[in-house]
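Quick notes on the structure that follows.
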Amino acid sequence: MANESLAPVLLVSMPQMIDPNFSKTVVLLAEYTAHGAFGLVLNRRMDEPAVSIVTADDPLDIHPALHLFTGGPVEPTRAWILTASEDLDPEALEILKGVYLSASPTTVRRTLESPPDPAVRMVVGYSGWGAGQLDVELAQGSWLLAPVQTDLIFETSAETMWETAIRRLGAEPSMLHGSSGVH
57 MANESLAPVL
67 LVSMPQMIDP
77 NFSKTVVLLA
87 EYTAHGAFGL
97 VLNRRMDEPA
107 VSIVTADDPL
117 DIHPALHLFT
127 GGPVEPTRAW
137 ILTASEDLDP
147 EALEILKGVY
157 LSASPTTVRR
167 TLESPPDPAV
177 RMVVGYSGWG
187 AGQLDVELAQ
197 GSWLLAPVQT
207 DLIFETSAET
217 MWETAIRRLG
227 AEPSMLHGSS
237 GVH
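Numbering of the sequence shown is given in my numbering, commencing with residue 57 and proceeding in unit increments.
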């Protein structure tokens with residue numbers, strides 16, 4: 057890898073991204089090594105509430121207002137908790153100051169049963185790239201790189217996050233052009 061310190065960063069898809077998993081997405085790239093990369097799509101909120109989607113062996117009292125987010129096409133039944141609260145799970149991985157990631161079953165259960173909190177996002181599935189794959193996509197111009205900003209993650213609506221991320225980079229989404237047929 058040319059840049060071992062790329063993560064954490066936001067990957068913002070170019071407007072020409074044709075892959076439906078990543079079209080108009082903002083991805084929190086949490087890990088980037090010689091072996092590959094791991095990230096979570098941040099702005100794909102599921103339409104149906106979690107109570108109509110989640111099934112569990114143990115009884116769960118899922119809060120009716122809680123919605124899940126699709127983090128990517130890999131392992132679509134695996135849950136991740138992305139949070140701004142370091143107290144939610146003392147074992148959580150600190151991605152950067154103010155952003156924590158947990159996969160603890162206890163934290164997942166507690167999140168499902170609690171009222172929605174803007175500082176807590178439950179994401180199912182993830183985005184993964186094999187060794188060198190993300191480097192190729194970056195070289196092809198498939199992604200813009202943006203600094204991770206906690207307010208973008210936790211305070212910006214899923215519907216406006218992609219456009220907001222591009223505008224924060226000083227660009228106008230409709231003016232961006234890359235090679236056709238990226239990804």
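Think of the CB as a built atom: it goes at the ideal place given N, C-alpha and C, for glycine as much as any other residue.
Would you report the Cα separation of residue i and residue j, rounded to the nearest angstrom?
| i | j | result |
| --- | --- | --- |
| Glu147 | Met217 | 28 angstroms |
| Ala187 | Gln196 | 16 angstroms |
| Glu87 | Thr139 | 17 angstroms |
| Arg101 | Leu168 | 15 angstroms |
| Gly181 | Ser230 | 29 angstroms |
| Ile222 | Val68 | 7 angstroms |
| Ala112 | Gly127 | 20 angstroms |
| Thr89 | Leu96 | 16 angstroms |
| Arg177 | Ala63 | 20 angstroms |
| Val238 | Gln189 | Interpretation of Val238 is limited by its pLDDT of 46, a score under 50 that renders its predicted location unreliable; no figure is taken from the coordinates. |
| Asp246 | Gly226 | No statement about residue 246 is possible, as the shown extent of the chain runs from 57 to 239 and does not include it. |
| Ser213 | Asn99 | 8 angstroms |
| Asp207 | Glu215 | 15 angstroms |
| Pro129 | Ala202 | 22 angstroms |
| His123 | Ala175 | 13 angstroms |
| Glu193 | Pro71 | 14 angstroms |
| Val204 | Ile118 | 30 angstroms |
| Leu232 | Glu219 | 11 angstroms |
Just to confirm the assignment, what range does the beta strand (DSSP E) spanning residue i have?
| i | result |
| --- | --- |
| Ile118 | Premise fails: Ile118 is in no beta strand (DSSP E) and is neither H nor E. |
| Ala195 | Per DSSP, Ala195 belongs to no beta strand (DSSP E); it is in the alpha helix (DSSP H), 189 to 195. |
| Pro105 | 101 to 105 |
| Leu232 | That residue, Leu232, is in no beta strand (DSSP E); it is neither H nor E in DSSP. |
Figure out for me which residue from the options has the closest Cα to the Cα of residue i.
| i | options | result |
| --- | --- | --- |
| Val179 | Gln189, Ala106, Pro171, Gly92 | Ala106 |
| Val82 | Ile209, Gly226, Ile118, Asp173 | Ile209 |
| Pro115 | Asp103, Arg166, Val192 | Arg166 |
| Thr162 | Lys153, Leu144, Ala175 | Leu144 |
| Glu211 | Asp173, Leu124, Val164 | Asp173 |
| His91 | Asp191, Glu215, Pro203, Leu232 | Asp191 |
| Met73 | Leu84, Asp117, Leu200 | Leu200 |
| Thr133 | Val164, Ala202, Ser141 | Val164 |
| Phe94 | Asp117, Gly184, Lys80, His123 | Gly184 |
| Phe125 | Glu142, Met70, Leu84, Ala202 | Leu84 |
Is it right to say residue i is buried, meaning 16 or more other beta carbons lie within 10 angstroms of its own, or is it exposed?
| i | result |
| --- | --- |
| Ser236 | Low local confidence applies: a pLDDT of 48 at Ser236 is under 50, so the model's placement there is unreliable, and no value is given. |
| Glu131 | exposed |
| Ala121 | exposed |
| Ile151 | buried |
| Ser108 | exposed |
| Val198 | In the sequence as presented, Val is not what sits at residue 198; that position holds Ser. With 16 or more Cβ atoms within 10 Å of its Cβ, Ser198 is classed as buried. |
Which first and last residues belong to the alpha helix (DSSP H) in which residue i is found?
| i | result |
| --- | --- |
| Ala221 | 214 to 224 |
| Ile169 | One point to set straight first is that residue 169 is Glu, not Ile, in the sequence displayed. Run containing Glu169: 161 to 169, per the alpha helix (DSSP H) assignment. |
| Leu85 | Per DSSP, Leu85 belongs to no alpha helix (DSSP H); it is in the beta strand (DSSP E), 82 to 89. |
query: Can you find at least 3 beta carbon pairs, one from the stretch 148 to 158 and one from the stretch 129 to 138, that sit closer than 8 angstroms?
result: Verdict: yes, contact present.
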